[in-house]
Amino acid sequence: MPKEVVCWNSLKKLSIGYSRLIEDVIQKILAGSPVLEILELYEFYGFNRLHVSNASVKRLILRDVLEDYDQEEVGEEYLIDGGNLSSLVDANLSFRELNHSFDPDVYELYQNMLKGLLQSLVHVKKITLGSWAIEEFDLALGITP
Numbered sequence: 001m002p003k004e005v006v007c008w009n010s011l012k013k014l015s016i017g018y019s020r021l022i023e024d025v026i027q028k029i030l031a032g033s034p035v036l037e038i039l040e041l042y043e044f045y046g047f048n049r050l051h052v053s054n055a056s057v058k059r060l061i062l063r064d065v066l067e068d069y070d071q072e073e074v075g076e077e078y079l080i081d082g083g084n085l086s087s088l089v090d091a092n093l094s095f096r097e098l099n100h101s102f103d104p105d106v107y108e109l110y111q112n113m114l115k116g117l118l119q120s121l122v123h124v125k126k127i128t129l130g131s132w133a134i135e136e137f138d139l140a141l142g143i144t145p
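The numbering of the sequence shown is the UniProt record's numbering, which starts it at 1 and goes up by one.
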């Protein structure tokens with residue numbers, strides 16, 4: 001991951017996966033990729049706030065957000081701070097729940113994370129939810145199959 005400056009002036013699509021991502025590094029990548037249109041993050045952990053100020057980003061894909069077991073305190077919400085995301089038209093949220101302990105507090109944490117994400121993306125024209133997100137959304141609303 002870049003420690004200094006990123007200068008990817010022609011990069012239009014970026015996919016990063018199976019990684020611990022630090023918010024500062026993501027900010028450097030976004031700042032150094034002025035024509036980036038698609039940002040895909042998958043099987044990642046390491047932060048709970050994503051500030052996307054790149055006006056060229058049209059599509060944001062977050063798949064399989066993992067828990068950061070190194071964090072002493074787990075945030076209740078996962079937020080996307082869209083400083084200048086007027087161009088974002090498509091968001092795809094697909095998660096896999098990896099809690100095998102069936103701890104109700106952890107389920108509530110996941111529901112709060114999803115709620116924070118959806119609130120962050122209220123202006124987006126198209127939001128695609130994966131099956132786990134739909135199931136959690138139904139549970140949060142009290143809808144049972």
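By construction, the Cβ of each residue, glycine as well, lies at the ideal position given by its N, Cα and C atoms.
Here the structure is a predicted model, which is why all the values come from computation and not from measurement.
query, result
"For ASN9, does the count of other Cβ atoms within 10 angstroms reach 16, so buried, or fall short, so exposed?", "exposed"
"Counting along the chain, where does the alpha helix (DSSP H) carrying GLU40 start and finish?", "That residue, GLU40, is in no alpha helix (DSSP H); its beta strand (DSSP E) goes 38–45."
"So ARG59 and ILE38 are supposed to be a Cβ contact under 8 Å. How far apart are they, rounded?", "4 Å"
"Determine the direct distance from the alpha carbon of SER94 to that of LEU121, and round the result to whole angstroms.", "14 Å"
"Pull up the distance between the alpha-carbon of LEU114 and that of ALA133, whole angstroms please.", "7 Å"
"Counting C-beta neighbours from all protein chains within 10 Å, is the total for SER33 16 or more, i.e. buried, or is it exposed?", "buried"
"Keeping to the same chain, check which residues put their C-beta closer than 6 Å to that of ILE29; ignore five residues upstream and five downstream.", "VAL6"
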